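Below is one structure; the comments refer to it alone.
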Amino acid sequence: MMINSQKLRRAQKLARRAQVQGSSKKWDAANRIMARATGKEIN
480 MMINSQKLRR
490 AQKLARRAQV
500 QGSSKKWDAA
510 NRIMARATGK
520 EIN
């Protein structure tokens, strides 16, 4: 399984920004992207 590290890095950056802003919608989106990038889908 190949991890898309560029997408993963972007998602982590997005997640950090979402945490700072307290935006749970962005946090969920970032976690979804990270899960997809690592091949682990979170429900």
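Heads up, the sequence shown is in our numbering, so the first residue is 480 and it goes up one at a time. Here a beta-carbon is modelled for each residue, glycine too, at the ideal position from N, C-alpha and C. Source: prediction; values computed, not measured.
Please list, in chain order, all residues of the same chain as arginine 489 whose beta carbon is under 8 Å from its beta carbon, the five residues on each side excluded.
The answer, listed in chain order, is Ile512.
Hey, how far is the Cα of serine 484 from the Cα of alanine 516?
Serine 484 and alanine 516: Cα-Cα distance of roughly 7 Å.
Measure the CB-CB distance between lysine 486 and alanine 497 and report whether it falls below 7 Å.
No.
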